[in-house]
Amino acid sequence: MAETAVDTAGTCARYQEDIPMLAVGALSPEETEALQKHLQSCAACRQVYENNRGVLELVRQESSPSVMLNSRRVLEAMKKRMAEESRSVYEPAPALTAKARIYWLAGLAGVAAAACIAIALLIAPDDGKHIPVIPGDPDRIAVGEAQPAGAAKPRPVFKGDRIKAEATGARVSYATGMDCRLRQDAELFCVSVSAVELADGVSAFYVPPGIEGFQVRGRESNTTASAQTGARFMLRVSGKNGEDIVQVAEGSVDVRGKAGAAVRVYAGSGTRVPAAGTPDAPEPIDVVAEFGWVGNQSSKNLACEFKASEYPTPGGIWTGTLALRNTGERALTVAGYHPLGSNYQLEIRKEGEKSSSFTKIAPRQLSKRSASGNAEPVMETSSEVTLEPGQSYELEVDLRTLVKEGGPYTVAAHYQVFSQPKASGAESKWGFALRSDAAKVFAPLPKPEHKAP
Amino acid sequence: MFDDAAERSLMKRIARGDSAAFEALFKTYEKAVGNFLYRMCYDTALAEDCLQETFMRLWKAAPNWRGESKVSTFIFQIAKNLALDAREKVFRERARGGRSSDGDDSKSGKELAEAVDPGEGPAHKLEGEELRQAVRRALESLPEEQRVVVHLAQSEGLTYREVSEILNLPVGTVKSRMAAAADALRRKLQRHVKD
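In the order they appear, the protein sequences are chains F and V. If you read the first sequence in this note's numbering, its first letter stands for residue 1, the second for the next number, and so on. If you read the second sequence in this note's numbering, its first letter stands for residue 1001, the second for the next number, and so on.
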């Protein structure tokens, strides 16, 4: 095969990115074949491959175990544990007193009653005072219920209980309306109806309007996050360098380190608390990226909807529309840096791939649609807009700019808004990230380039 | 390559408490996951503990597993998290002056990275255990984010796309971390590569 003389259109750069992956055997068979074909015809890339191959082979050989792991022993130990352990993600608090242990037995008998009460709470109007109590034990107060991701039924959670999210994440819903999401491997202790301790991992919390004094503490680090009512925030405790992180998507949170100093963190920002225990000055965060794992959110009666035509029209027009709709009964003022212009992102994922790319939306057209369905074009953006009940703002997006190759895609829209305090000491009103439901679209194969004969 | 369709069916059986399916899945992965864990810890006993814990977590999580990812990425995700936690615990214990692990290796983790690197001196070929230690030192000197990518990418049966799923990172980031790691390893180890 003839050697390639010139690297056209960055072909070699693209292949060279894949060379270390080829050297460790991490390319798919198709990609391996394509790269090997290229290597046969390109001396420069072959040289890069040779440079990588020797070292990475050495690394693979010399970092392998000198003695094979005893998998039989591992399997036997697991069988023993499987026989002993249940599948529960919920464990009662380990430090019960002798008296409490007796009450615990009584509590077990009352679990069914507590579950009924919890269900009743879901139906009854929530005034924040319906806290189920296990008869006979004032310490056994059900603060809410926990549900591992994908589990059909929640379980009651009591003061002092440990919730370990295992591999799938979990959700703890407090009777007060407080919502807590545990990311994979997070470990949390329910201290009381208004306090939790995070022993490990990442958890996100939502404190509904009217609930005050909620506090989350790092179990080892003693970092404390005291949430203002209406706050949505996240705490990450980490053994790495002993550094904790608090990030706020909505409202504000006072963060205090073990050294005693405190900072107030507003929506759209976060702070790090190093091992020394003095929080850093808050810095802006990307709310969508940081809180995306929490899932669909809706807040302040503002819905985020995304619709897309499944295929481009024969004329090549292919649009998606992002709408922000006031679903409440009162007029709603959307505040932000540029609420109609720059706080939107589209998340696009090719079918079969897990990772998504995020693209800032450049709207083709902007319009305001009334509850009766009439749409008027909007020519200007401002930092504050008012939506009457049922009204929506719509952004039309050209989907052709988002895809590079043909095939099925899943597209969802994100919208983030947060208002920074306008003056020193002023409260941030609100801020949050919304994600729409995903739409499925199908991009046609790009037309082949015509080559001159 | 792992057979995701067959493994999904095993996961369904495991969710119903089928221990034979569990054993079959364990046997499919014991070598790949075991090697990955060993490379992350350099301690046979610790790697065995992590291997056991990985599959115990899988057993517990199976009833709630929604099948959004491949079975292989799910297993490696658990293993990766456990390995990082185990390393951290070992470092913390050592920082507190605790005794070193009872593993088969005299040095591991940061101790290796902090050891004097003979490779920085005049070029000479290393053999046997000395070469092994030099490779480990070079790996341990990489930032953790790069080292994890290297160890996952060289795990049998995983492609870089699966590595990106396991680490929840864009494919481009995985590739650039791998390229940076390969550059650093080449600088440190090129002289030891046999011609």
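Built from N, CA and C at the ideal position, the CB exists for glycine as well.
ask   = Distance, Cα to Cα, Ala23(F) vs Glu57(F)?
value = Approximately 7 Å between the Cα atoms of the pair.
Give, in chain order, every residue of the region 17 to 42 of chain F whose Cβ lies closer than 9 Å to some Cβ of chain V.
Listed by position along the chain: Glu17, Asp18, Ile19, Pro20, Met21, Ala23, Val24, Gly25, Ala26, Leu27, Ser28, Pro29, Glu31.
DSSP-derived helix/strand/coil call for Ala1153(V):
Looking at Ala1153(V) - three-state DSSP - the assignment turns out to be helix.
For Val193(F), name the three-state secondary structure that DSSP assigns. Val193(F) falls in the coil class under three-state DSSP.
ask   = Quick one: what's Lys1175(V) bridged to in DSSP?
value = Note: Lys1175(V) sits in no beta bridge, so no partner.
ask   = In the DSSP assignment, what are the bridge partners of His414(F)?
value = Residue pairing from DSSP places His414(F) in a beta bridge opposite Gln345(F), Arg435(F).
Distance, Leu1158(V) Cα to Ser28(F) Cα: Going from the Cα of Ser28(F) to the Cα of Leu1158(V) covers about 9 Å.
CB Pro377(F) to CB Gln365(F), shorter than 9 Å? Contact flag set, yes.
Suppose contacts are defined by Cβ-Cβ distances below 9 Å. Is Leu1058(V) in contact with Leu69(F) by that definition? The Cβ atoms of Leu1058(V) and Leu69(F) lie no closer than 9 Å to each other.
- Where Lys1012(V) sits in the DSSP three-state scheme: Lys1012(V): helix per DSSP, three-state reduction.
Under 9 Å, Cβ to Cβ, is there at least one residue of chain F near Glu1030(V)? Taking Cβ atoms only, chain F reaches closer than 9 Å to Glu1030(V), which makes this a yes.
_Pick from Glu62(F), Val263(F), Val255(F), Gly268(F) that is closest to Ala249(F), judged by C-alpha positions_ = Closest option to Ala249(F), Cα to Cα, is Gly268(F).
- Go to Asn52(F), then tell me how far its beta strand (DSSP E) extends in each direction, as first and last residue. Where Asn52(F) is concerned, there is no enclosing beta strand (DSSP E), although the alpha helix (DSSP H) it sits in stretches over 43 to 62.
Listed by chain order, chain F residues near Leu1025(V) by CB distance under 9 Å: Neighbours of Leu1025(V) on chain F: none; closest Cβ ~11 Å, over 9 Å.
### Message
Looking at the secondary structure, which residues open and close the alpha helix (DSSP H) in which Pro20(F) lies?
### Response
Per DSSP, the continuous alpha helix (DSSP H) segment holding Pro20(F) begins and ends at 11 to 23.
Which stretch, first to last residue, makes up the alpha helix (DSSP H) that contains Leu235(F)? From DSSP, Leu235(F) is part of no alpha helix (DSSP H) but of the beta strand (DSSP E) over 232 to 237.
| said: Check this for me: beta carbons of Gly277(F) and Lys258(F), under 9 Å apart or not? | reply: Cβ atoms of Gly277(F) and Lys258(F): closer than 9 Å.
Exercise. Apart from the five residues on each side of it in sequence, which residues of its chain come closer than 7 Å, Cβ to Cβ, to Met1082(V)?
Worked result: Contrary to the premise, residue 1082(V) reads as Leu rather than Met in this sequence. Taken in chain order, the residues that qualify are Cys1050, Glu1053, Thr1054.
query: From the beta carbon of Glu353(F), is the nearest beta carbon of chain V less than 9 Å away?
result: Under the Cβ criterion of 9 Å, Glu353(F) is counted among the residues facing chain V.
Inset, instruction - Output the boundary residues of the beta strand (DSSP E) element that contains Lys164(F). - result: Note, Lys164(F): beta strand (DSSP E), 162 to 164.
* List the whole-angstrom C-beta distance separating Gly169(F) from Leu188(F), where the pair is believed to meet the contact cut-off of C-beta under 8 Å. => The beta-carbon distance between Gly169(F) and Leu188(F), rounded to whole angstroms, is 12 Å. This is too long to meet the 8 Å contact definition.
Select from Leu35(F), Val59(F), Gln61(F) the residue whose C-alpha is nearest the C-alpha of Tyr49(F). It is Leu35(F).
To the nearest angstrom, how far is the alpha carbon of Ser372(F) from that of Arg435(F)? Put simply, the backbone Cα of Ser372(F) is about 25 Å away from that of Arg435(F).
My assumption, with CB atoms under 8 Å, is that Gln1190(V) sits in contact with Val55(F). Please give the rounded CB distance. About 6 Å separates the beta carbons of Gln1190(V) and Val55(F), which is inside the 8 Å limit, making them a contact pair.
query = Taking buried to mean at least 16 other C-beta atoms within 10 Å of its own C-beta, is Ala331(F) buried or exposed?
reply = With fewer than 16 Cβ atoms within 10 Å of its Cβ, Ala331(F) is classed as exposed.
Worksheet item: Between which two residues does the beta strand (DSSP E) containing Ile1166(V) stretch?
Response: DSSP places Ile1166(V) in no beta strand (DSSP E) but in the uninterrupted alpha helix (DSSP H) bounded by 1160 to 1167.
Just to confirm, is the Cβ distance from Arg232(F) to Phe158(F) under 9 Å? In this structure, Phe158(F) does not lie closer than 9 Å to Arg232(F) by Cβ.
Item checked: Listed by chain order, chain V residues near Gly54(F) by CB distance under 7 Å -> Simply Val1193.
Ala289(F): first and last residue of the uninterrupted alpha helix (DSSP H) it sits in: Per DSSP, Ala289(F) belongs to the alpha helix (DSSP H) from 287 to 291.
Query raised in the report: By the 10 Å Cβ neighbour count, where 16 or more other Cβ atoms means buried, how is Asp244(F) classified, buried or exposed?
Result: With a threshold of 16 other beta carbon atoms within 10 Å, Asp244(F) meets it and is buried.
- In whole angstroms, what is the alpha-carbon distance linking Ala77(F) and Ala83(F)? Cα to Cα, the separation comes out at about 10 Å.
N-terminal and C-terminal residue of the beta strand (DSSP E) that Gln1052(V) is part of
Annotation: Gln1052(V) is outside any beta strand (DSSP E); the continuous alpha helix (DSSP H) that includes it extends over 1044 to 1061.
Exercise for review: Pull up the DSSP beta-bridge partners for Cys180(F), would you.
Suggested key: Answer by DSSP bridge pairing, in chain order: Val172(F), Phe205(F).
- Query: Does the pairing of the region 1010 to 1025 of chain V with the region 1063 to 1074 of chain V give three or more beta-carbon distances under 8 Å?
  - Reply: For the pair of segments examined, the region 1010 to 1025 of chain V was found to touch the region 1063 to 1074 of chain V: the number of CB pairs separated by less than 8 Å reaches three.
Pick from Leu75(F), Cys42(F), Arg46(F), Leu39(F): whose alpha carbon is nearest that of Ala1024(V)? Looking at the Cα atoms, Leu75(F) is the closest of the given residues.
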